[in-house]
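In terms of the numbering used here, the sequence shown opens at residue 1213 and continues consecutively.
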Amino acid sequence: MSSDNRTARTVRRAALPALVAGFVAAGLASPAAAAAAIPDTARPAASVQHAAAAPAAALPNTAPQAPARADDTVGQIANGLVDSRLYVTSGAGNALSAADRQQVESRLNGLGDADVRAVVVDNGITQQQMGQMLVSVANRVGEGETYVGVTANGRLMAGISQNLDEQKINQIVTRTNGQPLKERIIDFGDRAEKQVDENSAAAATLGYVMLGVLIALVAAASSVFLVARKRRQERQAREMTELKEGVEEDVTLLGEDIARLDLDVMDRELDPAIRADYERAMNSYDEAKRATDRAARPQDMQNVTQALEDGRFFMVATRARLAGDEVPERRAPCFFNPNHGPSVKDVVWAPPGGTARSVPACAADAKAVLSGAEPDSRMVPYQGGRRPYWNAGPAYAPYAGGYYAGYGGFDLLTGMMVGTMLGSMMSGGFGGYGGDMGGGFGGEGGDVGGGWDFGSGDFGGGGFGDFGGF
């Protein structure tokens, strides 16, 4: 993009806020309030896009490749796109040379508001799988406005966007069809950037038309915003207080369990292996206490429960060595109550009214589930009462995530938590808590949840299933 175009776009964007600032009192000129007052018609809808195969003569002579390896998970792709604009899966092989990758990344990095991130995948990936993968990856990354996926041979392309609508994405994918892989990705990014610029200009024009209405509404909108913000802050403070109370209970319980071992680490006759595990348990307990004291947000509690999981295992290892038994296998904590320590087996369990799923369980809870009894679930503080941690709201997501960080983290928890309050949050919308990613992918367009729309260019396409190796 030329410097003149960037300057013009900047001027257009700056003009409307400047006019609003001239009319609105300083105390009411909150950016969030102003944004809340702008009608939805001033904002372009988000879009997801697919295109089918182009004529073979127009494409590189790329042989079909094997499906992507299992290590190309959605989490790994998302991690790769946090600091880079391009990710090439293992299944895509050498679809792009090192020089081509550098050129593509350089061009994508130079884009502005389109903020395009690209994924190159195995030729065997279907249109349905591509769309499911893009939405899942975008939700994991948490930033970026436009995501595009394309097969290694360049024939199949899918795009999702939060600043381009379905029709525009359809046009861009269709117009890039038939190009070699590198050129197609670059052309997609350039066209997306150009379209975003045009949308910005149109939005600025509409903004001037709506300025009079905005001025009349801004005071009321600001008032609503301030009230909502106060309520949100009060709710977050209450959730944090309850969460911290629950975490402190876990920390105290671990300390009491370690103290019951009653070991003298200075005893020269003490087995060095026992001393080492006991000291690891104590160190983990101390780290959990320090992390609890430092915690200021729910996200900070993940560090606490991760330390608690370490402490639980080393305490169990110490106890086993003292009894002359073998140290048990280090497995994921008991799903029903992580304070029960490492699980011993997986059992099939379903929450009330939910579907059955496999979860790790300690010996006592496994026996209870298999006999039809209720397991001893971890009940945590919630809205003045107690309920299982998996149904205690999104503030407990980091709490659970820390316990299972070493065993697949949220990838593992998402499967175990299906049908629970935490499960709904973990598969939720793009950015923040809550939402539902599960909107239908059918037809040529529509809402796919989480703020993303779906379109499939000139080619139709069915509903999405699982994304295979991803």
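Cβ coordinates follow ideal geometry from the N, Cα and C atoms, glycine included.
Kindly indicate which three-state DSSP category residue i falls into: helix, strand or coil?
i: Val-1294; result: helix
i: Gly-1361; result: strand
i: Asp-1558; result: strand
i: Tyr-1615; result: helix
i: Ala-1238; result: Only weak support exists for where Ala-1238 lies, its pLDDT of 38 falling under 50; the value from the coordinates is given anyway. Of the three classes helix, strand and coil, the one that applies to Ala-1238 here is helix, per DSSP.
i: Val-1385; result: helix
i: Gly-1287; result: helix
i: Ile-1337; result: coil
i: Ala-1604; result: coil
i: Val-1571; result: strand
i: Val-1331; result: strand
i: Val-1316; result: helix
i: Val-1539; result: coil
i: Gly-1371; result: strand
i: Met-1478; result: coil
i: Gly-1597; result: strand
i: Met-1591; result: strand
i: Pro-1392; result: coil
i: Pro-1564; result: coil
If we ignore side chains and look at the alpha-carbon of each, how far apart do residue i and residue j end up?
i: Gln-1315; j: Leu-1323; result: 13 Å
i: Arg-1329; j: Arg-1480; result: 59 Å
i: Arg-1487; j: Leu-1293; result: 43 Å
i: Ala-1249; j: Val-1436; result: For Ala-1249, the predicted structure reports a pLDDT of 38, less than 50, and the residue's modelled location is therefore unreliable. A value from the coordinates is still provided. Cα-Cα distance, rounded: 10 Å.
i: Met-1591; j: Val-1286; result: 31 Å
i: Lys-1501; j: Pro-1545; result: 20 Å
i: Gln-1379; j: Leu-1320; result: 22 Å
i: Thr-1338; j: Asp-1483; result: 58 Å
i: Glu-1395; j: Asp-1325; result: 20 Å
i: Glu-1405; j: Arg-1387; result: 14 Å
i: Asp-1512; j: Tyr-1619; result: 19 Å
i: Met-1478; j: Gly-1614; result: 32 Å
i: Leu-1423; j: Gly-1305; result: 52 Å
i: Ser-1296; j: Ser-1318; result: 10 Å
i: Val-1333; j: Gln-1340; result: 13 Å
i: Ser-1583; j: Leu-1534; result: 31 Å
i: Val-1425; j: Gln-1445; result: 29 Å
I'd like to check one pair, residue j with residue i: are the Cβ atoms closer than 9 Å?
i: Ile-1381; j: Leu-1298; result: no
i: Gly-1550; j: Thr-1517; result: It should be pointed out that residue 1550 corresponds to Pro in this sequence rather than to Gly. Yes.
i: Tyr-1608; j: Leu-1455; result: yes
i: Arg-1349; j: Val-1300; result: Per the sequence shown, residue 1349 should be read as Val rather than Arg. Going by C-beta atoms, Val-1349 is not nearer than 9 Å to Val-1300.
i: Ala-1573; j: Trp-1561; result: yes
i: Ile-1384; j: Arg-1403; result: yes
i: Gly-1566; j: Met-1527; result: no
i: Leu-1376; j: Gln-1344; result: no
i: Val-1556; j: Ala-1578; result: yes
i: Leu-1393; j: Ala-1307; result: yes
i: Val-1559; j: Val-1581; result: yes
i: Ile-1470; j: Gly-1536; result: no
i: Asn-1335; j: Asn-1365; result: yes
i: Leu-1466; j: Ser-1434; result: no
i: Met-1342; j: Ala-1370; result: yes
Could you pull out every residue in the same chain whose Cβ sits closer than 7 Å to the Cβ of residue i, ignoring the five residues on either side in sequence?
i: Thr-1530; result: Leu-1473, Ile-1486, Asp-1489, Tyr-1490, Ala-1493
i: Met-1628; result: Phe-1547, Arg-1569, Val-1571
i: Ser-1589; result: Phe-1548, Asn-1549, Pro-1600
Based on Cα-Cα distance, which residue from the options lies nearest to residue i?
i: Tyr-1594; options: Thr-1301, Glu-1451, Cys-1546, Glu-1460; result: Glu-1451
i: Arg-1509; options: Asp-1483, Thr-1453, Val-1528, Asn-1549; result: Thr-1453
i: Gly-1361; options: Ala-1290, Met-1422, Val-1425, Gly-1354; result: Ala-1290
i: Tyr-1611; options: Gly-1620, Tyr-1601, Tyr-1619; result: Tyr-1601
i: Glu-1460; options: Ala-1507, Ala-1433, Ser-1434; result: Ala-1507
i: Ala-1604; options: Asp-1402, Gly-1458, Gln-1288, Gln-1383; result: Gly-1458
i: Gly-1303; options: Glu-1317, Glu-1357, Ala-1326, Thr-1363; result: Thr-1363
i: Thr-1464; options: Ser-1555, Leu-1520, Lys-1442, Ser-1434; result: Leu-1520
i: Ile-1372; options: Asn-1365, Tyr-1359, Gln-1379; result: Tyr-1359
i: Gly-1401; options: Ser-1434, Val-1477, Glu-1357; result: Glu-1357
i: Ala-1617; options: Met-1342, Gln-1514, Ala-1413, Asn-1365; result: Gln-1514
i: Asp-1498; options: Arg-1444, Gln-1511, Met-1478, Glu-1468; result: Glu-1468
i: Arg-1447; options: Gly-1596, Leu-1534, Val-1425; result: Gly-1596
i: Gln-1288; options: Ser-1318, Thr-1504, Glu-1317, Leu-1346; result: Leu-1346
i: Thr-1504; options: Arg-1313, Ala-1449, Arg-1533, Asp-1462; result: Asp-1462
Residues in the same chain with beta-carbon distance under 8 Å from residue i, minus the five sequence neighbours each way, listed in chain order, please.
i: Asn-1217; result: Residue placement at Asn-1217 is poorly supported in this model, since its pLDDT is 47, which falls under 50; the coordinates still yield a value, given next. So the list reads Asp-1409, once near-sequence residues are dropped.
i: Arg-1542; result: Phe-1525, Pro-1554
Just checking residue i against the ligand FAD - is the residue's beta carbon closer than 8 Å to any of the ligand's heavy atoms?
i: Ala-1449; result: As presented, the structure is devoid of all ligands, the ligand FAD included, so that no description of it is given.
Tell me which residues share the same chain as residue i and place their Cβ nearer than 6 Å to its Cβ, disregarding the 5 neighbours each side in the sequence.
i: Leu-1475; result: Tyr-1490
i: Val-1236; result: Because the pLDDT at Val-1236 is just 37, under 50, the model does not fix this residue reliably, and the value given afterwards should be weighed accordingly. The answer, listed in chain order, is Val-1430.
If you measure from the beta carbon of residue i to each beta carbon in chain D, is any gap under 9 Å?
i: Gly-1584; result: Annotation note: the requested chain D is absent from the structure, which comprises a single protein chain.
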